[in-house]
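A.B. asks: Sharing a structure below in structure tokens format, with a few things to ask.
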Amino acid sequence: MIRLGILGSGSGSNMQAILDAIATGGLAAEIALVLSDIPDAYILERAARAGLSTGLINCRDFRSNFPEEAQHETAEALLQSGVELVCLAGFMRLLRAPLLQAFAGRIINIHPSLLPSFPGLHAWTQAVEAGATESGCTVHYVDAGVDTGPVIFQATVPVLPDDTPESLHARIQIEEHKIYPAAIAEVAASLRPG
Ligand code: GRF
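For reference, each letter of the sequence shown is one residue, going 1183 to 1376 in the working numbering.
Structural data, given as structure tokens:
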């Protein structure tokens, strides 16, 4: 069973989907550690309620920077928990060398668009404002860029004429919750063949 580390800054619905897939036998994994940079993020509450180990990433007063020292501490905490695959789930800071090197080829992310279209923040708003007729979500490996690593899995949803950014995001999230556990299973199989 592969040991997962989850990093998130928000509500944690993708973490919940991963937990649900584990509980129903759809994913042979365990969540070893859940870390957030936001002290009152709902992902931490959900994780604690599920009895998971949690921790706070100390980014001091930086709003979006992920200080190198904090990245070292994060890598150390993940390694000490025996994490084999790191899953970003709504984590809002860019990863750099300390973490990328510690988990080379073992960090994945879910992004709410069909990459390479609409990388970065509020991808669902970007899709509506661009007049796109379809969008979706992408699971990809993480590199030092903004949503640029190799694609693992994608799912497509229509953008309807009366969509708001919120209604499109809700439709995309339904697909995220299906493809993220499926992509994790596939990556886990490639990391631990047989
Ligand atoms: C998701 O839409 C994900 O694609 C993006 O951030 C959001 C996180 O949602 N990276 P949640 O915290 O998993 O509910």
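For glycine and all other residues, C-beta sits at the position ideal for the given N, C-alpha and C. These numbers come from a predicted model, not from an experiment.
(1) Considering just the uninterrupted stretch of the alpha helix (DSSP H) at E1358, what are its terminal residues?
(2) Taking all protein chains shown into account, decide if A1199 is buried (16 or more other Cβ within 10 angstroms of its Cβ) or exposed.
(3) With T1254 as the anchor, note down where its beta strand (DSSP E) starts and where it stops.
(4) Would you please state the rounded distance, in angstroms, between the beta carbons of V1339 and I1290? I believe it to be under 8 Å.
(5) Any idea what DSSP makes of E1227, helix, strand or coil?
(6) What are the residues that DSSP puts in a beta bridge with A1337?
(7) In angstroms with no decimal places, state the Cα-to-Cα distance between L1297 and A1309.
(8) Using CA coordinates, which residue listed in A1252, S1191 and L1267 is at the minimum distance from S1372?
(9) If we ignore side chains and look at the alpha-carbon of each, how far apart do L1189 and E1316 end up?
(10) S1317: beta carbon under 7 Å from a heavy atom of the ligand GRF?
(11) If you measure from the CB of P1301, is any heavy atom of the ligand GRF nearer than 7 Å?
(12) Can you tell me where the beta strand (DSSP E) with A1211 in it begins and where it stops?
(13) When the Cα atoms are used, what is the spatial distance from D1344 to Q1336?
C.D. replies: The short version:
(1) Taken as a continuous stretch (DSSP letters only), the alpha helix (DSSP H) holding E1358 covers P1347 to L1373.
(2) Label assigned to A1199: buried.
(3) Position check: residue 1254 holds His in this sequence, whereas Thr was assumed. No beta strand (DSSP E) contains H1254, which is instead part of the alpha helix (DSSP H) from E1250 to Q1262.
(4) Not quite, the Cβ-Cβ distance comes to about 20 Å (not below 8 Å), so this is no contact.
(5) Here E1227 sits in helix by DSSP.
(6) BP columns for A1337 point to C1319.
(7) Straight across, the Cα-Cα distance linking L1297 with A1309 is about 11 Å.
(8) Scanning A1252, S1191 and L1267 for the CA closest to the CA of S1372 turns up L1267.
(9) Taken atom to atom, the span from the alpha-carbon of L1189 to that of E1316 is near 28 Å.
(10) Incorrect: S1317 has no Cβ contact closer than 7 Å to the ligand GRF.
(11) A distance criterion of 7 Å places the beta-carbon of P1301 beyond contact range of the ligand GRF, judged by its closest non-hydrogen atom.
(12) A1211 to S1218 is the extent of the beta strand (DSSP E) around A1211.
(13) The straight-line gap separating the alpha-carbon atoms of D1344 and Q1336 is approximately 24 Å.
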